[in-house]
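Numbered per this note's numbering, the sequence shown finishes at 976, counting up by one with no gaps.
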Amino acid sequence: MIIVHSLQALRQALLGVPAYHPGVAFVPTMGALHHGHISLVAAARRLSPTVVTSIFVNPTQFNDPADFARYPKSLEQDIDMLEAAGTHLLFLPEVATLYPQGTQHLPPYPLGRLEQLLEGVHRPGHFQGVCQVVHRLLQAVQPGHLLLGAKDYQQCMVVRQLLLQTALPIQLQIVPTMREADGLAMSSRNRRLGADGRQKAASIYRTLQWINSQWPHAQPAILEAEARRQLLAAGFESVDYCSICHAHTLEPLQQADADEPAVALVAATLEGVRLIDNLPLGPKMA
Ligand code: AMP
Numbered sequence: 691m692i693i694v695h696s697l698q699a700l701r702q703a704l705l706g707v708p709a710y711h712p713g714v715a716f717v718p719t720m721g722a723l724h725h726g727h728i729s730l731v732a733a734a735r736r737l738s739p740t741v742v743t744s745i746f747v748n749p750t751q752f753n754d755p756a757d758f759a760r761y762p763k764s765l766e767q768d769i770d771m772l773e774a775a776g777t778h779l780l781f782l783p784e785v786a787t788l789y790p791q792g793t794q795h796l797p798p799y800p801l802g803r804l805e806q807l808l809e810g811v812h813r814p815g816h817f818q819g820v821c822q823v824v825h826r827l828l829q830a831v832q833p834g835h836l837l838l839g840a841k842d843y844q845q846c847m848v849v850r851q852l853l854l855q856t857a858l859p860i861q862l863q864i865v866p867t868m869r870e871a872d873g874l875a876m877s878s879r880n881r882r883l884g885a886d887g888r889q890k891a892a893s894i895y896r897t898l899q900w901i902n903s904q905w906p907h908a909q910p911a912i913l914e915a916e917a918r919r920q921l922l923a924a925g926f927e928s929v930d931y932c933s934i935c936h937a938h939t940l941e942p943l944q945q946a947d948a949d950e951p952a953v954a955l956v957a958a959t960l961e962g963v964r965l966i967d968n969l970p971l972g973p974k975m976a
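Structure (structure tokens):
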């Protein structure tokens, strides 16, 4: 695995590969890697002969500076995991490499309703930061494929919009969420949970599955209220949202309708750790 820090070294390492060629698949991460990240690398390997991964904790997507400061870091272990998973090139930029003019007063991306819903309400500016860093990374790596995890469902929708707006010729591949044996979505944040919290955390997935089992035979508002109650009863301190939304626009669904593509999304806090998860609500067999 080649490790590069500068844009020049990145371009040098990809010399001879045409820009946006499908032979290059890119997996952006913020490090503190787990098997969920590695499943993206594995999917990238199946798509393209060259896999590029980045590790960069992007300051502009953290609306809470304390969250940025305590973001977990495990670079040596990350490098070993990426090497074992078959990443060819690891890009490790500094903040000044991606933001040579600083991180303040950056021009906004027109995200419309997408950033006013769900995470957008609770993390103002977060998706602007996501677009700032993903756009810069895509211009630097120029991959044919971009792989993102379905765990960050709204992020996938935002990046899809970014690709449309920028007309970058990149195929977005959304990789299913990797879960622990009890159903908890793998996340770097899970490491901050104590043993008790870790056990309780799996109730997010159980609650999402319960919603799915009821869909579309009960109305969204009823399911959302009961799911919220279940999460609080399981020990979550607060529930930012528990919403059933249109799977493409993320607008809240007012009526249960088997013909609308739907997804249930949750953000809830346990032991001070904010966890998110989601589950597409599928049509059921008779
Ligand atoms: P992060 O390092 O948290 O920014 O995540 C980097 C990429 O890994 C994003 O596209 C995430 O959606 C994806 N990812 C994170 N957790 C999981 C998971 N449990 N399963 C699949 N992909 C994941």
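All C-beta atoms, glycine included, are put in the ideal place defined by N, C-alpha and C.
#1: Classify A775 as helix, strand or coil using the three-state DSSP reduction.
#2: Say yes only if the C-beta of L788 is nearer than 8 Å to one or more non-hydrogen atoms of the ligand AMP, and no if none qualify.
#3: Locate the beta strand (DSSP E) running through I745, then write down its first and last residues.
#4: Can you tell me whether G706 is helix, strand or coil according to DSSP?
#5: Residues in its own chain within less than 6 Å of A722 by CB, not counting five upstream and five downstream?
#6: Is it true that the segment 728-738 meets the segment 753-760, where meeting means three or more beta-carbon pairs spaced less than 8 Å apart?
#7: Quick one: Cα of V694 to Cα of F752, how far?
#8: Taking only three categories from DSSP, how would you classify G894?
#9: Who are the Cβ neighbours of P708 in its own chain at under 7 Å, not counting the five residues just before and after it?
#10: What are the boundary residues of the alpha helix (DSSP H) that R964 is part of?
#11: Counting pairs of Cβ atoms below 8 Å between the segment 863-881 and the segment 738-745, do you hit three or more?
#12: Could you pull out every residue in the same chain whose Cβ sits closer than 6 Å to the Cβ of P981, ignoring the five residues on either side in sequence?
#13: On the DSSP bridge list, what partners appear for T939?
#14: Less than 6 Å between C-beta atoms, sequence neighbours within five positions excluded: which residues of the same chain meet that for R882?
#15: Could you tell me the alpha carbon to alpha carbon distance between A976 and A908, rounded to whole angstroms?
#16: Which residues neighbour the ligand MG when neighbourhood means a C-beta less than 6 Å away from any of its non-hydrogen atoms? List them by chain order.
#17: Could you say if the segment 841-850 and the segment 885-899 meet the contact criterion of at least three C-beta pairs nearer than 8 Å?
#18: Between which two residues does the beta strand (DSSP E) carrying H711 extend?
#19: Whole angstroms are fine: how far does the CA of R701 sit from the CA of L772?
#20: Can you tell me which residues form a DSSP beta bridge with R869?
#21: Between T959, G792, A958, G776, which has its C-alpha nearest I692's C-alpha?
#22: Check for me: the beta strand (DSSP E) holding V693 runs from which residue to which?
#23: Measure the Cβ-Cβ separation of G834 and I860 and say whether it is below 9 Å.
#24: Under 9 Å between the Cβ atoms of I934 and L971?
Let me lay it out:
#1: helix
#2: no
#3: 740-745
#4: coil
#5: Within the same chain, A722 has close Cβ partners P762, S764, S878.
#6: no
#7: 25 Å
#8: Going by the sequence as given, residue 894 is Ile instead of Gly. Three-state DSSP puts I894 in a helix.
#9: none
#10: Membership of R964 in any alpha helix (DSSP H) is not indicated; the residue belongs instead to the beta strand (DSSP E) covering 963-971.
#11: No, the segment 863-881 is not in contact with the segment 738-745.
#12: In the structure displayed, the chain extends from 691 to 976; residue 981 sits before or after that span and is not available.
#13: The partner list for T939 (beta bridge, DSSP) is empty, contrary to what the question assumes.
#14: V963
#15: Annotation note: pLDDT 46 at A976 (below 50); position unreliable, no value reported.
#16: With respect to the ligand MG, the structure shown offers nothing to examine, as its ligands consist of the ligand AMP.
#17: no
#18: 711-719
#19: 20 Å
#20: A875
#21: G776
#22: Note that residue 693 is Ile in the sequence shown, not Val. It spans 692-694 - the beta strand (DSSP E) in which I693 sits, taken as one unbroken run.
#23: Taking 9 Å as the cut-off, the Cβ atoms of G834 and I860 count as close.
#24: Going by C-beta atoms, I934 is nearer than 9 Å to L971.
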